[in-house]
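In this note's numbering, the protein residues as written are 925 to 1279.
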Amino acid sequence: MMNMDYLERYQEFWNWFAENANRFHTIVKDQRNIEQEFFPELAENLSKVRENFFYLVGMYDDDTVELIITVDGAIENIVFAEELINAAPQLLGWRFVALKQATDISDVSINIGNYCFDSNSIQFVPRIEPSYPDDIDLNIVFDSQSGEDSNAISVGVSLFLENYLGELQLATQVDSFTVLNRSELSKEPVPISKLDSYLTWRQAEFVEKYEGVWHDSENDSYAAFEGKLSEKKALIAVLNTDLLDWDRKASHSWIAVLELHFDGEQRNGMPDEETYALLEEIEDKLLAQLVDHEGYLNVGRQTADGVREIYFACKEFRQPSKAFDQIRQVYSEQFEVDYYIYQDKYWRLFDRFGR
């Protein structure tokens, strides 16, 4: 369900854009001071919808301007970019796209400094870790890497992959990658043009293995974990031990963590009664929205040093993004609210609890 506050933001943005669409179209088509006459207005109005939206603008064909809203790989923002574009009106001469789309590899060429990142200069080698067989971990081979330019080369490789595979596929199907020089390899590299088919094959295997796996946590067991960060600061966690011991964790591979910051200085990092009641209220709201039979497992929570962390493991990332963002909006006066969502098929975040 779309948050009404966001629905209003989307409508306000597109109302503003429609009023200026003809002017913006002329500016882009004529290449007339785009960075001065279009981008500042666009950035200002996008920020009213949500922070950390980015954009790409160019001619899709002779008469159509394309506006791409990108999130720079931030999983938490993807659903909002998609919703914004889904709310876009039909405007003559315009094409609106959520996230960078996959591009024919022959059309992808990124130039940074003296380096060219294209299908001729980049290869890959799958890296299989026996302890984590479902992870998609890659060695990306770029021959010209040197210590001095490693940052520029990492940026270039990332941009190449994002444009070749598309922003969504890179963010959701590649768990990690490392950029190496060919001299560091022990295996023959594979042409980068085969990466898309490799990911498709690995994803099909993963879906076949885990698609029908669900977990009913109604009768699960929980355990309390206690520790100390220092002489005066305690750590208390309550976690679902059945989930921690579960051998099908990869079926719910998206780890979602909500952080609620409060003043615990006078109570060894713990909340007072009023704050505790609010924290329980928030957790109850999340449990009502993110339920196990729909693919959202509440793994537990941790309280320490003025922060309550609430943990979920999920089959997808869009609904947790919206649920957490709504908590941030509603409780922004009571708490500093942060959240992050990422893919970890082995739930390594919880290894510290020794299960």
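Here a beta-carbon is modelled for each residue, glycine too, at the ideal position from N, C-alpha and C.
Report the residue from Ser1033, Phe1274, Tyr1270 whose alpha carbon sits nearest the alpha carbon of Pro1057.
-> Tyr1270
Helix, strand or coil: how does DSSP classify Phe1248 here?
-> helix
If we ignore side chains and look at the alpha-carbon of each, how far apart do Pro1304 and Pro1195 end up?
-> The structure shown does not extend to residue 1304, since the chain is modelled only from 925 to 1279, so the question has no answer here.
From the DSSP output, in three-state form, read off Thr1027 for me.
-> coil
Answer yes or no: do Val1261 and Phe1248 have a C-beta to C-beta separation smaller than 9 Å?
-> yes
Is it the case that the Cβ atoms of Tyr1235 and Glu1000 are separated by a distance below 9 Å?
-> no
On the DSSP bridge assignment, give the partners of Trp1271 in chain order.
-> Paired residue(s): none; Trp1271 is not in a bridge.
Where do the ends of the alpha helix (DSSP H) carrying Ala1011 lie?
-> No alpha helix (DSSP H) holds Ala1011; DSSP gives it neither H nor E.
Closest to Asp985 by CA distance: which of Glu1142, Trp940, Gly1017, Ser1043 is it?
-> Gly1017
Can you list, in chain order, the stretches of the beta strand (DSSP E) that have 3 or more residues and sit fully within the segment 1199-1270?
-> 1220-1228, 1231-1238, 1260-1267
Would you call Lys1118 buried or exposed, if buried means 16 or more other Cβ atoms sit within 10 Å of its Cβ?
-> exposed
Using the beta-carbon count (16 or more within 10 Å), is Ala1005 buried or exposed?
-> buried
Nearest candidate by alpha-carbon position, reference Asp1216, set Cys1238, Glu1204, Leu1203, Tyr1200 | Cys1238
Alpha-carbon spacing of Lys1157 relative to Thr1227, whole angstroms = 10 Å
Please go through the same chain and pick out, in chain order, the residues whose beta-carbon is closer than 8 Å to the beta-carbon of Glu1053, but skip the five residues on each side of it.
-> Asp1059, Asp1061
Within the same chain, show all residues whose beta-carbon is closer than 7 Å to that of Phe1259, passing over the 5 residues directly before and after it, in chain order.
-> Leu1184, His1185, Phe1186
Residue environment, Tyr1220, which counts as buried when at least 16 other CB atoms sit within 10 Å | buried
Beta carbon of Asp1229 nearer than 9 Å to that of Leu1159 = yes
Does the distance from the CB of Asp1031 to the CB of Ser1045 come in under 9 Å?
-> no
When burial is assigned at 16 or more other CB atoms within 10 Å of the CB, is Tyr930 buried or exposed?
-> buried
What residue does the beta strand (DSSP E) around Val1137 start on, and which one ends it?
-> Element bounds for Val1137: n/a, residue is neither H nor E.
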